[in-house]
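Structure first, commentary second.
There are 2 protein chains.
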Amino acid sequence: MTVYTIKDVSKMFQLPASTLRYYEDMAILTNVRRTAAGQRIYEEKHIHRLRTICCLKRTGLSISKLQMFFTYEEQETEHIDDILDLLIEQQQHIEKQLIQFQKDLEHVKRKLHYYSDIKTALTAKKMHPIWSDYREKQF
Amino acid sequence: MTVYTIKDVSKMFQLPASTLRYYEDMAILTNVRRTAAGQRIYEEKHIHRLRTICCLKRTGLSISKLQMFFTYEEQETEHIDDILDLLIEQQQHIEKQLIQFQKDLEHVKRKLHYYSDIKTALTAKKMHPIWSDYREKQF
DNA sequence: TATTGACTTCAAGTATACTTGAAGTGATAT
DNA sequence: ATATCACTTCAAGTATACTTGAAGTCAATA
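The listed protein sequences derive, respectively, from chains A and B.
Residues in the first sequence are numbered consecutively from 1, following the UniProt record's numbering.
Residues in the second sequence are numbered consecutively from 1, following the UniProt record's numbering.
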């Protein structure tokens, strides 16, 4: 059975050790065992939990919602519908964000083309482009 | 020439009026004219600026980076490379996030299938599913 | 004309998610 | 053996992005 120190986990997830302790304080990372001297021992289940924490946090779930989610998970039978509701909502939220991000990427690409044409115009002394010509373009 | 009140703009972008004033304080929304009584008058250029602000903020740019960006834009000729660098970085950042969000969506979908199978198992008194069977699946 | 509502400024307050610092214990390297 | 490093707790501090409250001005409606 593989175990990890706080440093191992910190490196693995690119999270400061203080954040791992904070997640434990916030009760979203639970049942972390200790050595005789009090040092944290992380197991595979904590690695999996952290993957879920990072996934949900990245996509916009707050710490307090994470607390709810993991509380529900501990009482799966009673809270199965709460779990499903939360996951469905999160799924829809991610799908919306994906669509929005694609639009935002297009917006940035348009700006990039516009300014890159401005750079060309500046060096080659060509006509300065006009933003309205880029506003509707797909790149 | 169409103009807008703070309320119009607030509704248009689903942003509280206080946020629009804050963006002006932070100098990322500039040159807002006033009525004789001091009320803000927004023009098309502010609407375009706000679209860019929302796009860049949503995709992770901070207020201070937005300040830099719009400062560069005001001195396009001198800062053309700074503008391009910032936009290229933001483009790459969005692309990375898109890939990560797709993975995160898969993670949530896996969880959703898992818990929805648990719900079935609970009501139909079937075998309780095991998470490790879902961990690698694509939905 | 009075009052209601919408706007204004400016300073201070809030929410979220950590981060830091002090003080202490135990383990490791020279 | 001793110094240094890694970890510990707990309270307080920080960063970011707003939000709120008080006090005042102006415009419109009953």
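Ideal placement from N, C-alpha and C gives every residue a C-beta, glycine not left out.
Each residue's CA atom was taken as its position, placing alanine 36 of chain B and threonine 71 of chain B some 28 Å apart.
When C-alpha distances from lysine 103 of chain B are compared across A/Arg51, A/Tyr4, A/Thr30, the shortest belongs to A/Arg51. Around arginine 58 of chain A, the beta-carbon contacts reaching into chain B at under 9 Å are Gln97, Gln100, Phe101, Asp104.
Glutamine 90 of chain A and lysine 45 of chain A have their alpha carbons spaced roughly 22 Å apart. Residues Thr120 of the same chain have their beta carbon placed closer than 8 Å to that of lysine 126 of chain B, with the five preceding and five following residues left out of the count. Within the same chain, Cβ atoms closer than 7 Å to the Cβ of isoleucine 118 of chain A are found at His128, Pro129, the five residues on either side in sequence being excluded. DSSP places tyrosine 42 of chain B in the uninterrupted beta strand (DSSP E) bounded by 40-43.
Contact of glutamine 90 of chain A with chain B is assigned, a C-beta pair being separated by under 8 Å. Annotation: tyrosine 134 of chain A has no Cβ neighbours in chain B at a cutoff of 9 Å; minimum Cβ distance is about 12 Å. One thing to note: isoleucine 80 of chain A has its Cβ no nearer than 8 Å to the Cβ of isoleucine 53 of chain A. Taking a 10 Å sphere around the C-beta of isoleucine 94 of chain B, we find 16 or more other C-beta atoms and assign the residue as buried. Glutamine 14 of chain A and leucine 86 of chain B have their C-alpha atoms roughly 24 Å apart. Closest by C-alpha distance to lysine 7 of chain A, out of A/Asp25, A/Arg40, A/Met1, is A/Arg40. Take methionine 26 of chain A, set aside five residues on each side of it, and the residues of its chain with a beta-carbon closer than 6 Å to its own are Ile63, in chain order. With at least 16 other beta carbons inside 10 angstroms of its own, leucine 61 of chain A counts as buried. With a threshold of 8 Å between beta carbons, isoleucine 83 of chain A makes contact with chain B. When only Cα atoms are considered, valine 32 of chain B and tyrosine 42 of chain B end up about 6 Å apart. Here isoleucine 83 of chain A is buried, its C-beta having at least 16 other C-beta atoms within 10 Å. Bridge partners of valine 3 of chain B according to DSSP: B/Glu43. Within chain B, the C-beta atoms nearer than 8 Å to that of serine 116 of chain A come from Leu84, in chain order.
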